[in-house]
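*Asks:* Under the numbering used here, the first residue of the sequence shown carries the number 1, and numbering increases by one thereafter.
Don't be surprised by glycine CBs; every beta carbon is placed ideally from N, CA and C.
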Amino acid sequence: MKKLKTFLKYIDAISEWSGKGVAYLILPGILILSWEVVSRYVFNNPTMWAHGTSQRIFATYYILAGAYVLRHDQHVTVDIVYNRFSLRTQAILSLIGSIFFFIFCGVLLWKGMDFAWTSMSQLEPDETPWRAPLYPFKMMIPLGAFLILMQGLAKFIRNLATAITGRKEL
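#1: Given L108, which residues of its chain have a CB within under 6 Å of its CB, disregarding the five upstream and five downstream residues?
#2: Looking at the secondary structure, which residues open and close the alpha helix (DSSP H) in which N159 lies?
#3: With DSSP collapsed to three states, give me the class of P133.
#4: Grouping DSSP H, G and I as helix and E and B as strand, with all else coil, what is P46?
#5: If we require 3 or more residues per run, which beta strand (DSSP E) segments fall completely within the segment 68-138?
#6: Leaving out the 5 sequence neighbours to the left and right, which residues in its chain are closer than 8 Å to L87 when beta-carbon positions are compared?
#7: When we look at the beta-carbon of L134 and count the other beta-carbons within 10 Å, is it buried (16 or more) or exposed?
#8: How far does the alpha helix (DSSP H) with A23 in it reach, from first residue to last?
#9: Please identify the residue among V22, I103, G106 and W49 whose C-alpha is closest to the C-alpha of E127.
#10: How about V22 and L64: are their beta carbons less than 8 Å apart?
#11: Tell me the rounded alpha-carbon separation between E36 and G52.
#12: Within the same chain, show all residues whose beta-carbon is closer than 8 Å to that of L123, passing over the 5 residues directly before and after it, in chain order.
#13: Just the C-alpha distance for L95 and N44, rounded to the nearest angstrom, thanks.
#14: Inspect the beta-carbon positions of L4 and I164 and report whether they are closer than 8 Å.
#15: Starting from the C-beta of N83, find all residues in its chain whose C-beta is less than 7 Å away, skip the five residues before and the five after it, and write them out in chain order.
#16: Pick from F104, L147, G97 and F137: whose alpha carbon is nearest that of F115?
Right, dumping it as structure tokens:
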């Protein structure tokens with residue numbers, strides 16, 4: 001049980017680190033978009049890079065923050081009925097829902113790896129005149145899928161323990 005708790009603690013720490021780390025991407029994304037607005041509407045000189053760059057920054061933020069959000073149970077849920085059940089029943093329902101979660105994350109990881117590998121092997125640029133590289137951002141998809149899959153595994157283990165004991169022990 002001690003090794004399991006240590007394993008879960010490591011997964012939680014990685015999710016915390018990744019979520020807090022990518023939070024620093026928000027400021028550059030906002031600054032880039034603000035620069036684009038000023039350039040476009042004040043100087044009548046829009047950039048060719050700001051829109052795509054900000055999209056990639058925020059996409060990286062969204063995909064890599066997923067594990068952090070899952071760790072803190074902050075994903076959108078419909079829990080009007082769910083909260084009325086006992087802790088054990090909630091855990092059992094979460095275990096059933098985990099089936100769909102693992103299928104989704106598995107497909108996202110599998111297809112994301114294929115998507116990223118294809119992009120990386122071609123050193124794929126975007127389609128703007130700037131020709132900025134896309135492959136580093138596409139590599140974030142399987143990384144984010146792996147992180148959220150690991151946090152989902154930790155949540156699954158905790159729900160399994162709660163379903164068995166009726167208490168939150170992990």
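*Replies:* This is what the structure gives:
#1: A145
#2: M140 to T165
#3: strand
#4: coil
#5: none
#6: T162, G166, R167 and K168
#7: buried
#8: Careful: A23 lies outside any alpha helix (DSSP H) and carries neither H nor E.
#9: W49
#10: yes
#11: 11 Å
#12: P133 and Y135
#13: 55 Å
#14: no
#15: none
#16: F137
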